[in-house]
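Worksheet: the structure to be examined is printed underneath.
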Amino acid sequence: MSMFKPSILTIALATAGISSFASHAQDEQQAAKNDVEVIEVKGFRGSVVESINTKRFSSEVVESISAEDIGKLPDSSIAESIARLPGLTAQRLDGRASRVSVRGFSENESATTFNGREQVSIGDNRGVEFDLYPSEIMSGVTVYKTPSASLDAEGIAGVIDMQTVKPLSKGERVIMFNGQLEQTGFEKLNPDGDDQGFRGTVSYIDQFADDTIGVAFAYNKMSSPNQEKRWNSWGYPDYSISENKLKDDTTVGPYNPILGGAKPFVRSSTLERDSAMLVIEAAPTDRLNMTFDALYVDFSDEKILRGIEVPFGWGQGKIRSGSEVVDTNSDFITSAVTQGQRVVVRNDYEERNAELTQFGFNTKYDIDDSWSVEFDASRSEVERQIWSIESYSGTGRGDANGIADNIGYVFDGGNTGAQFSHELDYSDYDLIQLGGPLSWGGSAALNDKYGLKDTPYQNTAQDGFINAPEINDELSTLKLAASKALESEYFSNVSFGISYRDREKSKVSEGYFMTLKGFSLSNPGMLSIPEQYRQGTASLDFIGMGNMVAYDTNGLVNDGYYDLLQESLTDQKHKTQSWAVQEEVIAVFAQLDINAELGSIPVTGNIGARYVQTDQSSQGSAANTIDGLVVVSPTDVSHDYSHFLPSINLAFRIDEDQTIRFGAAKTISRARLDEMNASISASYSEQQNNDGNNWNISGGNPLLEPKEATGFDLSYENYFNAEGYFAAAFFYKDITQWIFDGNYEVDMTGVADPATGEIPVNSTGSGSGKINGGEGNLWGYELSLALPFNIFHPSLDGFGLIASHTAVEQDITDQKGNEYELPGLSDQIDSLTAYYERNGFQARTSMRKRSDFKGDVYGLGFATTQVDIKGETIFDAQIGYDFTEAGIESLDGLSVTFQVQNITEEPFVSLQGSSDLQVRDYQDYGRTFLLGFSYKL
Numbered sequence: 006m007s008m009f010k011p012s013i014l015t016i017a018l019a020t021a022g023i024s025s026f027a028s029h030a031q032d033e034q035q036a037a038k039n040d041v042e043v044i045e046v047k048g049f050r051g052s053v054v055e056s057i058n059t060k061r062f063s064s065e066v067v068e069s070i071s072a073e074d075i076g077k078l079p080d081s082s083i084a085e086s087i088a089r090l091p092g093l094t095a096q097r098l099d100g101r102a103s104r105v106s107v108r109g110f111s112e113n114e115s116a117t118t119f120n121g122r123e124q125v126s127i128g129d130n131r132g133v134e135f136d137l138y139p140s141e142i143m144s145g146v147t148v149y150k151t152p153s154a155s156l157d158a159e160g161i162a163g164v165i166d167m168q169t170v171k172p173l174s175k176g177e178r179v180i181m182f183n184g185q186l187e188q189t190g191f192e193k194l195n196p197d198g199d200d201q202g203f204r205g206t207v208s209y210i211d212q213f214a215d216d217t218i219g220v221a222f223a224y225n226k227m228s229s230p231n232q233e234k235r236w237n238s239w240g241y242p243d244y245s246i247s248e249n250k251l252k253d254d255t256t257v258g259p260y261n262p263i264l265g266g267a268k269p270f271v272r273s274s275t276l277e278r279d280s281a282m283l284v285i286e287a288a289p290t291d292r293l294n295m296t297f298d299a300l301y302v303d304f305s306d307e308k309i310l311r312g313i314e315v316p317f318g319w320g321q322g323k324i325r326s327g328s329e330v331v332d333t334n335s336d337f338i339t340s341a342v343t344q345g346q347r348v349v350v351r352n353d354y355e356e357r358n359a360e361l362t363q364f365g366f367n368t369k370y371d372i373d374d375s376w377s378v379e380f381d382a383s384r385s386e387v388e389r390q391i392w393s394i395e396s397y398s399g400t401g402r403g404d405a406n407g408i409a410d411n412i413g414y415v416f417d418g419g420n421t422g423a424q425f426s427h428e429l430d431y432s433d434y435d436l437i438q439l440g441g442p443l444s445w446g447g448s449a450a451l452n453d454k455y456g457l458k459d460t461p462y463q464n465t466a467q468d469g470f471i472n473a474p475e476i477n478d479e480l481s482t483l484k485l486a487a488s489k490a491l492e493s494e495y496f497s498n499v500s501f502g503i504s505y506r507d508r509e510k511s512k513v514s515e516g517y518f519m520t521l522k523g524f525s526l527s528n529p530g531m532l533s534i535p536e537q538y539r540q541g542t543a544s545l546d547f548i549g550m551g552n553m554v555a556y557d558t559n560g561l562v563n564d565g566y567y568d569l570l571q572e573s574l575t576d577q578k579h580k581t582q583s584w585a586v587q588e589e590v591i592a593v594f595a596q597l598d599i600n601a602e603l604g605s606i607p608v609t610g611n612i613g614a615r616y617v618q619t620d621q622s623s624q625g626s627a628a629n630t631i632d633g634l635v636v637v638s639p640t641d642v643s644h645d646y647s648h649f650l651p652s653i654n655l656a657f658r659i660d661e662d663q664t665i666r667f668g669a670a671k672t673i674s675r676a677r678l679d680e681m682n683a684s685i686s687a688s689y690s691e692q693q694n695n696d697g698n699n700w701n702i703s704g705g706n707p708l709l710e711p712k713e714a715t716g717f718d719l720s721y722e723n724y725f726n727a728e729g730y731f732a733a734a735f736f737y738k739d740i741t742q743w744i745f746d747g748n749y750e751v752d753m754t755g756v757a758d759p760a761t762g763e764i765p766v767n768s769t770g771s772g773s774g775k776i777n778g779g780e781g782n783l784w785g786y787e788l789s790l791a792l793p794f795n796i797f798h799p800s801l802d803g804f805g806l807i808a809s810h811t812a813v814e815q816d817i818t819d820q821k822g823n824e825y826e827l828p829g830l831s832d833q834i835d836s837l838t839a840y841y842e843r844n845g846f847q848a849r850t851s852m853r854k855r856s857d858f859k860g861d862v863y864g865l866g867f868a869t870t871q872v873d874i875k876g877e878t879i880f881d882a883q884i885g886y887d888f889t890e891a892g893i894e895s896l897d898g899l900s901v902t903f904q905v906q907n908i909t910e911e912p913f914v915s916l917q918g919s920s921d922l923q924v925r926d927y928q929d930y931g932r933t934f935l936l937g938f939s940y941k942l
């Protein structure tokens with residue numbers, strides 16, 4: 006029978022622009038490549054062409070972005086580019102796109118790989134924060150929405166694979182320099198912050214020894230500023246105007262929500278990142294190819310935060326009767342005045358440091374014309390440390406000392422901020438001094454250390470606080486696979502193999518109370534801010550509080566102005582948030598590549614299965630509080646499970662331009678690491694509970710197994726032009742197991758009662774935490790279009806647009822039948838890019854939009870907290886010129902660009918209740934401007 010082969014025209018389109026493609030497409034194209042006149046499209050349009058061809062010739066349902074050279078991805082951030090792909094979007098962290106969602110699933114439900122190998126992460130869980138990875142040293146990203154058996158990663162949402170360049174496929178020497186100057190839209194919000202930065206990349210690609218050895222190297226250095234004006238509310242308690250007090254057991258109402266308190270501040274951050282990438286590729290014979298790649302990233306994010314924490318409804322002051330103004334539409338108290346209120350002036354400092362190393366080796370050997378083998382090995386590791394300092398100052402120590410203020414507020418529209426009125430000058434260094442102005446130091450250890458119990462200064466020794474969590478993540482992988490070309494009417498190739506992954510991730514949580522050195526019951530006063538640490542003032546005009554004192558908190562701590570006391574002595578949370586998790590995963594796979602005909606329609610794709618065996622274990626602590634102090638016993642729990650994961654991908658080539666795809670697969674997503682660890686809060690009682698157990702436990706559940714789903718995809722693709730296509734896709738996920746809050750039994754064999762140190766006879770415990778269960782489904786559709794305007798008229802050559810629309814719905818219930826909303830799910834996602842590129846001139850503007858969703862943010866003690874996040878629409882724009890097209894020999898290879906990010910200054914807004922008026926965070930990042938150049942030798 007006749008087998009489907011791409012036509013000469015198809016090959017010409019597939020080779021347009023850029024050199025590297027999906028490996029399956031390369032094999033088909035190579036035979037005819039020398040006889041084809043290549044249609045050459047460069048720049049952004051060339052990247053579009055290559056991305057289209059990756060999608061067109063893939064066996065799976067994929068999306069991709071690509072670069073014609075290292076350092077020339079379409080955006081300065083990998084996450085920004087990924088977030089514009091159909092069905093994908095991103096959550097911003099501190100103004101930068103970082104966490105990527107795929108088809109309604111959060112970052113924890115997709116796997117991220119680097120050159121096909123699973124990646125470690127700097128967060129508490131599996132989800133990768135993409136701002137760690139520099140776009141400047143990547144050659145492309147491919148998102149697999151449907152899996153195949155040979156794909157060595159698991160994720161219900163999909164797999165995101167970042168790729169480096171293959172130097173031998175480049176075919177020429179390339180030396181390139183890229184640079185950018187960066188300017189924030191806000192002027193310095195803090196006197197010691199940055200509003201200007203830079204990025205620079207140098208890259209080198211070459212081939213040696215008759216093109217049998219190739220080398221690629223890239224080094225990138227970045228110093229990127231980011232600034233923010235943030236409104237942060239404590240909450241909105243119910244308040245009785247008639248009774249002039251908050252709702253309690255004695256009030257009768259009616260009630261109106263009032264501002265409980267607020268922590269507005271200005272933030273200045275600088276992200277420093279040094280990155281180096283090395284690829285060495287050797288092909289000593291036509292049958293042997295070996296590739297070594299390495300990646301090193303040194304990442305440091307420094308934040309300076311200054312603001313005034315203002316208690317209101319929950320404060321010590323008294324709401325002035327008659328000052329309340331109620332909005333009749335929402336019943337919110339939109340304006341009020343509190344009398345006799347003290348505030349906390351905050352000068353905070355944070356460092357987030359991470360170091361990533363990644364090494365990989367891959368070799369492929371063709372034994373003969375039909376058999377080939379592949380071996381792959383890798384090692385990656387990341388270490389992350391956070392040092393986050395809160396420094397308090399005010400007019401006096403404790404609730405009852407110092408000058409109080411009369412403070413009023415008037416909400417901005419939509420409760421997205423407020424304008425405060427005040428009577429004190431918070432920029433007065435004689436008035437505002439170091440020390441804890443409110444009694445927040447409710448620690449038995451602090452009171453005991455300073456002898457404050459039952460004195461007027463009880464609970465007043467906390468003058469600041471330090472959070473210092475650490476993460477270490479290590480991953481080693483091995484893979485051995487073989488394939489054989491088949492002479493069959495239905496199958497062109499069979500492949501099979503085995504892989505091994507060994508991952509260990511650990512977290513150590515700690516916090517420190519800060520107390521001014523020299524503080525004692527006989528010397529309980531505040532400390533005037535030393536002159537050498539004064540930084541002037543920071544403006545809080547955006548909330549009406551005027552200027553406030555600004556000082557060098559990190560310098561004060563480093564120079565010994567504070568004594569530190571571990572919070573873990575008296576607070577269990579640091580023990581329950583410290584853990585280690587190990588996973589050993591062995592997977593075997595077999596896959597048949599399909600090359601057949603259904604009537605006159607060529608059919609390609611693959612069918613296969615993976616068997617995945619997992620052995621997981623976790624070590625942690627069982628913590629209890631005895632006589633005010635935390636007592637712990639070690640825990641060590643192991644568990645194993647297995648999954649059989651079949652998959653099929655079919656592509657029906659209706660003609661040269663049109664394809665119908667179908668995919669089906671059983672998929673899994675592994676549990677979050679902060680939910681499956683063995684650290685728990687445990688208490689033992691001589692009296693049995695309702696379950697007949699003496700142990701009561703809450704915390705991690707190391708017996709958690711992965712979430713499970715079966716996915717189906719059906720799509721139509723029409724490649725009507727070298728630069729254009731239209732696609733419509735429907736996807737459905739049948740979720741058979743998820744993870745929810747619930748109760749379970751725990752084997753506590755060998756765990757001692759923290760109160761006595763003895764091992765109880767009854768070793769069964771009643772646990773509360775995360776459990777497997779529930780069911781449901783998720784479905785949706787995607788529409789995507791790449792439209793070059795030259796199809797309408799030749800005079801429009803260079804104009805075009807890229808657009809996508811995704812709609813997602815879900816129907817998921819927990820083990821008790823309660824409705825559940827998936828984190829990361831926006832029910833509508835849109836993206837649009839309009840561009841012009843011709844004769845060296847380039848201009849484009851992009852929009853990405855997502856609707857409301859639930860997302861993870863850092864809460865108290867850097868614990869992951871889920872909140873409701875409002876939808877957002879973000880616009881970016883770029884213009885540029887490539888002087889190579891100008892015919893000026895001295896400028897050949899030079900291109901310049903100018904970008905504006907977040908043109909409309911779209912804020913990040915999160916809520917803490919069912920009403921849109923219950924705003925938790927309103928973060929205004931302003932715009933960012935980038936002026937860049939690229940020079941290619």
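For what it's worth, my numbering labels the leading residue of the sequence shown as 6, then goes sequentially. All C-beta atoms in this analysis are idealised placements derived from N, C-alpha and C, irrespective of residue type, glycine included. Just so you know, these numbers come straight off a predicted model, no measurement behind them.
Residue range of the unbroken alpha helix (DSSP H) whose run includes residue i
i: GLY860; result: That residue, GLY860, is in no alpha helix (DSSP H); its beta strand (DSSP E) goes 858-863.
i: ASN563; result: 558-563
i: PRO651; result: First-last for PRO651: 634-658, but that is the beta strand (DSSP E), not the alpha helix (DSSP H).
i: GLU85; result: 83-87
i: PRO172; result: 172-175
Residue i - partner residues in DSSP beta bridges
i: ILE993; result: Nothing in the structure corresponds to residue 993, since the chain is present only between 6 and 942.
i: VAL590; result: ARG506, THR619
i: PRO765; result: Looking at the DSSP assignment, PRO765 forms no beta bridge with any residue, so it has no partner.
i: PRO262; result: ASP243
i: ARG101; result: LEU98
i: GLU379; result: LYS369, ALA486
i: GLY516; result: ASN472
i: ASP568; result: THR520
Outcome for residue i when other beta-carbon atoms lying within 10 angstroms are tallied against a minimum of 16
i: LYS522; result: exposed
i: ASP433; result: exposed
i: GLN621; result: buried
i: ASN694; result: exposed
i: GLY413; result: buried
Backbone secondary structure at residue i - three-state DSSP
i: ILE57; result: helix
i: LEU922; result: coil
i: GLN188; result: strand
i: HIS427; result: coil
i: LEU806; result: strand
i: GLU42; result: Confidence at GLU42 is low in this model, with a pLDDT of 39, below 50, so its placement is unreliable and the value that follows should be read with caution. Here GLU42 sits in coil by DSSP.
i: GLU475; result: strand
i: GLU141; result: helix
i: GLN34; result: With a pLDDT of only 40 at GLN34, under the threshold of 50, the placement of this residue in the model should not be trusted, and no figure is reported.
i: THR870; result: strand
i: PRO152; result: coil
Check whether residue i and residue j have beta carbons under 7 Å apart
i: ILE338; j: ASN261; result: yes
i: GLU355; j: SER393; result: yes
Residue i - containing beta strand (DSSP E), residue span
i: ASP336; result: Premise fails: ASP336 is in no beta strand (DSSP E) and is neither H nor E.
i: THR368; result: 349-371
i: ILE879; result: 877-887
i: PRO289; result: 270-290
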